[in-house]
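Q: Take a look at this one; I'll ask things after.
2 protein chains.
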Amino acid sequence: MHTKITTPENDRFLRACRSESVDCTPIWLMRQAGRYMPEYRALRDRYTILEMIRTPELAAEVTMQPLRSFDLDAAIIFADILTLLDELGLGLRFIEGEGPVFDQPVRTTGDLKRMEPRPPAESLAYTLDAIHCTLDKLENRIPLIGFSGAPYTLACYAIEGRGSRDFPSAKKVMYTDPELWDQLMGLLADQVGDYLVAQVEAGVHAVQLFDSWAGSLSPQDYTRYVMPYSQRVYAKVRACSDLPFIHFATGSAGILKEIHQAAGTVTGVDWRIRIEEARELIGPDVPVQGNLDPLALLGPEEEIKRQAGAVLDAVKGQAGHIFNLGHGIHKTTDPGKVKTLVDFVHAYSRRET
Amino acid sequence: MHTKITTPENDRFLRACRSESVDCTPIWLMRQAGRYMPEYRALRDRYTILEMIRTPELAAEVTMQPLRSFDLDAAIIFADILTLLDELGLGLRFIEGEGPVFDQPVRTTGDLKRMEPRPPAESLAYTLDAIHCTLDKLENRIPLIGFSGAPYTLACYAIEGRGSRDFPSAKKVMYTDPELWDQLMGLLADQVGDYLVAQVEAGVHAVQLFDSWAGSLSPQDYTRYVMPYSQRVYAKVRACSDLPFIHFATGSAGILKEIHQAAGTVTGVDWRIRIEEARELIGPDVPVQGNLDPLALLGPEEEIKRQAGAVLDAVKGQAGHIFNLGHGIHKTTDPGKVKTLVDFVHAYSRRET
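The listed protein sequences correspond, in order, to chains A and B.
According to numbering that gives the first Met the number 0, the residues represented by the first sequence are 0 to 352, in order.
According to numbering that gives the first Met the number 0, the residues represented by the second sequence are 0 to 352, in order.
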């Protein structure tokens, strides 16, 4: 099914993604639907994360929650980058206090062969249904963003079986077993590409590729072992759509050029590099998204405004900036501080432009 | 006591730290004495880490262990950045599988007041004794490096009470309680500075300041909340010594200029930025130390040589390069691979210069 894309009433986000003029800087926040919100926690008391993701009505409801409290310029579908791996048979569980764990990690060619990839349009149909459901609720007011984890980040989880500080098992496979690496990364690239295409066909207005752990790589290793697979993802999406494609990695100050080169029309920038230096690295005409430290939201209001103002000042008068955090909202964040930030970004950038 | 510094027989490391000519590139490795070595694990079976650090003969023995197996160009005293906090009364314990934990973290001015700082020359005398003992054993063959954690990294541990991915409690204090932050960072800067001075007076040939978690900061926050205290450390050391001072942080690609500006005559570079780009950022005449991914040592020999060769090629013909990993040796590393790396770096750089 190919939904006709209509321009939402508020198209600031989409315009900024295309470096077009805007009345003020658009803002959305990674993990804007999450545990920091009491209404999210109320649902989480009754359902597991996976139940919430796999029930389209619930996923749509969670997607809508932050939009009722904050004047955000985009919604992002509530889902998780790891469901794709779960649907490949890796056995995802979320353990309280430890995070995600896979009971069937992929360490050998045998493990890989046990995986039974189905088209993501089937295996992840619940997220596509959640997109339909959310689009109905949004009534074309603001754009909806779809997303996926990138092949490298998914491969890290698949091989380690859990989060890690430095991913020794994944890198060991990368260095010692190029064939297994290529098979796993190739399979994931196809799955991720098809998944993003399916989300585009379901009607999202933009997609974001999260390569959360790419910042664990040297620029040389990223280029050699990862970039070709992210390029394959990008090519699949580009073959069917010219929608904005945001490519985001954390801790990526030293590989930003490579991240931009691999994929995307917009580059996500985390807070550990000045946004003006990021623009110099990737080219001043490339739209950028970022880059406030999410933990700045733990500070007092004047600190939040000072830091957000500094980000806006650094790209003042330049087209192609979407305000965001450099990573997801921290679970201890006061929702009132999120409102302060969102309203400040609009008011300050409107005044300044 | 102020030991007269004499130049060691092998002074490649010291010469490279001063950008002087060398016959081949010097190499030492962070955490070169550690769990990857069977002889280290044999001692660890009998003693706790803190016993090993606090018994000068044992600390000296551990310091010497890697020198018997590998042709390293510098030794680094066996110690831990966290003993300084333990001696301030924070109650350090190492928990298997979890890492270091402090029973008395610092969250309030009251917590801070309970600390009873003594001169590090007294409180950390065991490490100074270990330095004397090691210098005796080294018989002036190669230089000995002293070190300390930097104020920010120590403050993160002091406030969080343990390691963390993003240090929310530390940043919350930094943003919301500037007075407590200044008092804690000031106290730590004085302790760290005095500790490094004491190590210099005990006879080390160079020092390294480890700001392991500085990479969690935006360049703006590093400059505002951290740099002044690292500058204070550096000023203390510089007031009594012109020995090489290496300043190292991980994940620092976006704050390298600031790291260099804050402290040091040599800048440590982790693997997540090309070393030639690091040199462009901080200035081509600043000596650099780095920058192989420690996990490259989990790869086959040809991969190790390929990656180490690429680092050497990137700074070929340039003075002021000390080869090192971009972080400590991983505990699962095969010691044979370490030997391969050390010998390769010497042979390849000798051939190439």
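Backbone N, C-alpha and C define an ideal beta-carbon position, used for all residues, glycine too.
None of these values were measured; they are calculated from a predicted model.
Indicate whether at least one CB of chain B lies closer than 8 Å to the CB of lysine 235(A).
A: Taking Cβ atoms only, chain B never reaches closer than 8 Å to lysine 235(A), which makes this a no.
Q: Please check if any C-beta of chain B sits within less than 8 Å of the C-beta of leucine 340(A).
A: So, not an interface residue.
Q: Once you ignore the five residues that flank arginine 34(B) on each side, which residues in its own chain have a CB closer than 8 Å to its CB?
A: Once the five neighbours on either side are set aside, the close Cβ partners of arginine 34(B) are Arg40, Arg43, Lys330.
Q: If you scan the region 102–141 of chain B from start to end, which runs of the beta strand (DSSP E) of 3 or more residues do you find wholly inside it?
A: Complete beta strand (DSSP E) runs here, min 3: none at all.
Q: Could you tell me if phenylalanine 12(A) is buried or exposed, where buried requires 16 or more neighbouring beta carbons within 10 angstroms of its beta carbon?
A: Buried is the call here.
Q: Please list, in chain order, all residues of the same chain as isoleucine 26(A) whose beta carbon is under 8 Å from its beta carbon, the five residues on each side excluded.
A: So the list reads Leu71, Asp72, Ile321, Phe322, Asn323, Leu340, Val341, Val344, His345, once near-sequence residues are dropped.
Q: Classify serine 433(A) as helix, strand or coil using the three-state DSSP reduction.
A: Absent from the model: residue 433(A). The displayed extent of chain A is 0 to 352, so no value can be given.
Q: Relative to the C-alpha of valine 105(A), which candidate in Met114(A), Glu97(A), Gly98(A), Pro99(A) has its C-alpha closest?
A: Measuring from the Cα of valine 105(A), the nearest candidate turns out to be Met114(A).
Q: What does the alpha-carbon distance come out to for the pair alanine 32(B) and leucine 294(B)?
A: So the alpha carbons of these two residues sit roughly 16 Å apart.
Q: Mind pulling the alpha helix (DSSP H) runs of 4 or more residues that sit fully within the region 198–277 of chain A?
A: If we require 4 residues or more, the alpha helix (DSSP H) runs fully inside the region 198–277 of chain A come out as 226–237, 255–261.
Q: Between the Cα of cysteine 239(B) and those of Gln219(B), Ala213(B), Ile245(B), Gln198(B), spot the shortest distance and give me the residue it belongs to.
A: With distances taken between Cα atoms, cysteine 239(B) lies closest to Gln198(B).
Q: How close, in whole Å, do the beta carbons of serine 251(A) and alanine 213(A) come, if the pair is a contact with beta carbons under 8 Å?
A: So it is a contact: roughly 6 Å between Cβ atoms.
Q: Run down chain B in chain order and give the residues with a C-beta less than 7 Å from the C-beta of glycine 298(A).
A: Per Cβ cutoff of 7 Å: Tyr174, Thr175.
Q: Glycine 253(A) CB to nearest chain B CB: under 8 Å?
A: Yes, glycine 253(A) lies at the interface with chain B (some Cβ there is under 8 Å from its Cβ).
Q: So isoleucine 94(B) is in the beta strand (DSSP E); what residue range does that whole segment cover?
A: 91–94 is the extent of the beta strand (DSSP E) around isoleucine 94(B).
Q: Please state the DSSP three-state secondary structure of arginine 34(B).
A: Three-state result, arginine 34(B): coil.
Q: Exposed or buried, what is glycine 316(B) when buried is set at 16 or more other beta-carbons lying within 10 Å of its beta-carbon?
A: Exposed: under 16 other Cβ atoms inside 10 Å.
Q: For isoleucine 303(B), report the span of its alpha helix (DSSP H) as first-last.
A: Here the alpha helix (DSSP H) through isoleucine 303(B) covers 300–313.
Q: Taking CB distances under 8 Å as the criterion, tell me whether glycine 250(B) reaches chain A.
A: At least one chain A Cβ lies under 8 Å of glycine 250(B).
Q: So is phenylalanine 101(B) buried or exposed if we call it buried at 16+ other beta carbons inside 10 Å?
A: Per the 10 Å Cβ criterion, buried.
Q: With a Cβ-Cβ cutoff of 8 Å, do threonine 319(B) and valine 268(B) count as a contact?
A: Reading the sequence as shown, one finds glycine at residue 319(B) and not threonine. Cβ distance not < 8 Å, so glycine 319(B) and valine 268(B) don't count as in contact.
Q: What is the DSSP secondary structure of phenylalanine 12(B), counted as helix, strand or coil?
A: Helix at phenylalanine 12(B).
Q: Are the region 200–210 of chain A and the region 247–262 of chain A touching by the rule of at least three beta carbon pairs closer than 8 Å?
A: Touching, per the Cβ criterion.
Q: Around the C-beta of lysine 112(A), are 16 or more other C-beta atoms found within 10 angstroms, so that it is buried, or is it exposed?
A: Its Cβ having fewer than 16 others within 10 Å, lysine 112(A) is exposed.
Q: Quick one: what's glycine 289(A) bridged to in DSSP?
A: In the DSSP output, where bridge partners are listed per residue, glycine 289(A) has Phe322(A).
Q: Tell whether a beta-carbon distance below 8 Å holds between leucine 143(B) and histidine 204(B).
A: Closer than 8 Å, so yes.
Q: Just checking: is the beta-carbon of cysteine 295(B) within a distance shorter than 8 Å of some beta-carbon in chain A?
A: At residue 295(B) the sequence reads alanine, which differs from the cysteine that was named. Chain A, which has a Cβ nearer than 8 Å to the Cβ of alanine 295(B), makes this yes.
Q: Our contact map puts leucine 296(B) next to lysine 336(B) with C-beta atoms below 8 Å; I'd like the distance itself, whole angstroms only.
A: Right, their Cβ atoms sit about 5 Å apart.
Q: Short check: CB of phenylalanine 146(B) to CB of isoleucine 75(B), under 8 Å?
A: Yes, they are a contact pair.
Q: Going by other Cβ atoms of all chains shown within 10 Å of its Cβ, with 16 needed for buried, is aspartate 284(B) buried or exposed?
A: The residue in question, aspartate 284(B), is exposed, as its Cβ has fewer than 16 Cβ neighbours within 10 Å.
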